[in-house]
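K.L.:
Sharing a structure here in C-alpha cells format.
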Amino acid sequence: MASRTMSKADEWEKARKFVAEHPELAEMDSHAAIYKFCDSKRHTGKTLWPKVRRELEKQYNIDYAELKAQAAERTAQRAEELKNVGDDVTRVELYTFGEMIERQDSSFMGAFAITDSEGADQWYGNIHRSRGIETDPAAATEAVCSAIWLAGKVREDADLEVIAATIHHSYPDIDADRVDAASVRNSVAVTLTHVDAENNPASVTCLEKPGYRDWQEIRLRDLITYSPAPA
Numbered sequence: 091m092a093s094r095t096m097s098k099a100d101e102w103e104k105a106r107k108f109v110a111e112h113p114e115l116a117e118m119d120s121h122a123a124i125y126k127f128c129d130s131k132r133h134t135g136k137t138l139w140p141k142v143r144r145e146l147e148k149q150y151n152i153d154y155a156e157l158k159a160q161a162a163e164r165t166a167q168r169a170e171e172l173k174n175v176g177d178d179v180t181r182v183e184l185y186t187f188g189e190m191i192e193r194q195d196s197s198f199m200g201a202f203a204i205t206d207s208e209g210a211d212q213w214y215g216n217i218h219r220s221r222g223i224e225t226d227p228a229a230a231t232e233a234v235c236s237a238i239w240l241a242g243k244v245r246e247d248a249d250l251e252v253i254a255a256t257i258h259h260s261y262p263d264i265d266a267d268r269v270d271a272a273s274v275r276n277s278v279a280v281t282l283t284h285v286d287a288e289n290n291p292a293s294v295t296c297l298e299k300p301g302y303r304d305w306q307e308i309r310l311r312d313l314i315t316y317s318p319a320p321a
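Throughout, the working numbering is defined as the position within the sequence shown, counted from one, plus 90.
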C-alpha cells in the first residue's frame with residue numbers, strides 16, 4: 091500500500107511534537123548543531139523543515155535564520171583575517187574548473203579538475219551525486235572548495251598552522267559563502283582570481299580527459315610554490 095502524503099496540518103503537528111519532545115534543542119549553540127540533530131531524526135524534509143524552524147522559535151525563542159546569519163558573519167570575519175596573514179607564508183597555486191557534463195544517457199553530472207601552477211593534472215573526476223551539484227556555477231564552486239581542501243591537506247602535511255592559496259577559476263558566480271567556509275574550515279588564506287577558460291589548464295582536463303585521478307596520488311609537498319626562509 092502506498093504511503094499517505096501528510097497534510098499540512100499533520101506536518102505542523104509533527105513539527106510541534108518533535109520540538110516539544112526534544113528540549114535539548116534549546117541548549118544547542120549553533121544552527122549547524124540544530125540542523126544535524128533534526129536531520130538525524132529525519133525532520134529536515136523540504137516541507138517539514140520550515141515548520142520545525144518555526145516551532146523552534148515559538149517554543150524556545152530560537153531564531154534559526156539569525157543563528158545561521160551570525161555564523162556566516164563570523165566565518166566571513168575569520169576568512170578575512172586569514173587573508174591578512176601576510177606575504178611571507180607558505181603558498182600553493184592551483185587552477186580549478188568545474189562544469190556539468192552530459193553523459194551518454196543524456197543525463198548531466200558535475201565534473202571537476204585541479205591542476206598545479208604549471209598546469210599539471212593533480213586531481214580530477216566526477217562530482218559525487220550526493221553533493222547535490224546541478225548547475226555550472228555550483229560545479230565551479232565545488233572545484234574551488236575542493237582546491238581549498240587540498241591546500242588544507244598540504245598544510246597538514248607540512249605541519250603548518252596556516253597556508254596561503256591562490257586559486258584560479260573561470261566562472262563569475264562562485265559562491266563566496268562556501269569559499270569562506272572552506273577557507274576557515276581548512277585554515278587556508280584564499281585569494282581567488284578569474285581566468286578565461288581558454289587560459290585555464292584545468293578546463294581541458296575537466297572537459298576532455300576521461301577517467302579520474304585521486305588526490306591520494308599527489309605528493310603534497312610538490313604543490314608548494316613558496317616557503318619562507320627558516321627563522
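From the three backbone atoms N, C-alpha and C, an ideal C-beta is built for every residue, glycine too.
In angstroms with no decimal places, state the Cα-to-Cα distance between residue 244 and residue 264.
P.N.:
When rounded, the distance between both Cα atoms is 23 Å.
K.L.:
CA-CA distance, residue 193 and residue 227?
P.N.:
The straight-line gap from Cα to Cα measures roughly 19 Å.
K.L.:
Please work out which residues of its chain come closer than 6 Å, Cβ to Cβ, to residue 271, disregarding the five sequence neighbours upstream and downstream, and give them in chain order.
P.N.:
Correct list, in chain order: 165.
K.L.:
Would you mind giving the Cβ-Cβ distance between residue 253 and residue 186, rounded to the nearest angstrom? I have them listed as a contact below 8 Å.
P.N.:
Actually they are not in contact, since the Cβ atoms of residue 253 and residue 186 sit about 16 Å apart, beyond 8 Å.
K.L.:
To the nearest angstrom, how far is the alpha carbon of residue 144 from that of residue 262?
P.N.:
One C-alpha to the other measures close to 35 Å.
K.L.:
On the three-pair Cβ rule with 8 Å, is the segment 106-119 touching the segment 129-149?
P.N.:
Contact holds: three or more Cβ-Cβ distances are below 8 Å.
K.L.:
Buried or exposed for residue 290, going by 16 or more other Cβ atoms inside 10 Å?
P.N.:
By the neighbour-count rule (16 or more Cβ atoms within 10 Å), residue 290 is buried.
K.L.:
Return the chain-ordered list of same chain residues with a C-beta closer than 6 Å to the C-beta of residue 104, the five sequence neighbours on each side being excluded.
P.N.:
Hits under 6 Å: none found.
K.L.:
Within the same chain, show all residues whose beta-carbon is closer than 7 Å to that of residue 214, passing over the 5 residues directly before and after it, in chain order.
P.N.:
Cβ neighbours of residue 214 beyond the five flanking positions: 202, 203, 204, 295, 296, 299, 302, 303.
K.L.:
Name the one or two DSSP bridge partners that residue 192 has.
P.N.:
For residue 192, which the question treats as bridged, DSSP gives the partners 198.
K.L.:
My parser needs the alpha helix (DSSP H) runs of 4 or more residues fully inside the segment 183-262; what are they?
P.N.:
Taking only runs of at least 4 residues, the alpha helix (DSSP H) segments lying wholly in the segment 183-262 are 226-247.
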